[in-house]
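Okay, so the sequence shown: first residue is 1 according to full-length UniProt numbering, each after it adds one. Take a look at the structure set out below.
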Amino acid sequence: MLSQKKILCYSLISISGWLFAAYLMFTHLSNDRDFINDKITENAYNIVSQSLQDTKTDPEIVAQVQDWFAKGWTAQTGSVTTICDNDRDKLKQILSDSAIVTICRLRI
Numbered sequence: 001m002l003s004q005k006k007i008l009c010y011s012l013i014s015i016s017g018w019l020f021a022a023y024l025m026f027t028h029l030s031n032d033r034d035f036i037n038d039k040i041t042e043n044a045y046n047i048v049s050q051s052l053q054d055t056k057t058d059p060e061i062v063a064q065v066q067d068w069f070a071k072g073w074t075a076q077t078g079s080v081t082t083i084c085d086n087d088r089d090k091l092k093q094i095l096s097d098s099a100i101v102t103i104c105r106l107r108i
């Protein structure tokens with residue numbers, strides 16, 4: 001028969017294994033979520049940046065995006081919506097913070 005100390009020791013080892021496995025699963029899922037969000041917005045960003053390559057200033061870009069929404073251009077408006085929902089920071093490469101807020105409000 002096992003002593004109380006051995007039972008306690010084995011129990012702690014077992015519980016620590018489960019806790020470590022839970023920690024590994026959580027960090028793996030978090031990394032996967034970040035990777036998926038990055039890939040979701042990658043294509044959308046390419047569509048938006050390619051469509052805006054001829055516009056230089058923030059007011060021109062906002063006007064262009066307003067035109068997309070008015071005309072119902074789904075590739076561009078869907079891409080703007082995807083970026084605004086998942087990773088607005090990607091737009092910082094081509095827009096200022098105030099223009100990003102304005103563009104993301106247009107989709108509502």
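In this text, a Cβ means the ideal position worked out from N, Cα and C, and glycines have one as well.
{"Item": "Limits of the alpha helix (DSSP H) - the one that D85 falls within", "Value": "74-86"}
{"Item": "6 Å Cβ shell around T77 - same chain, five flanking residues per side excluded", "Value": "W68, F69"}
{"Item": "Separation of A99 from Q66, as counted between CA atoms", "Value": "12 Å"}
{"Item": "The region 74-88 touching the region 24-43, judged by at least three CB pairs closer than 8 Å", "Value": "yes"}
{"Item": "Where T41 falls: helix, strand or coil (DSSP)", "Value": "helix"}
{"Item": "Status (buried if at least 16 other CB within 10 Å, exposed otherwise) for T27", "Value": "exposed"}
{"Item": "Rounded straight-line distance, which links the Cα of V101 to that of A21", "Value": "41 Å"}
{"Item": "Cβ neighbour criterion (16 or more within 10 Å) applied to T41", "Value": "buried"}
{"Item": "Simplified DSSP assignment, three categories, for Q4", "Value": "helix"}
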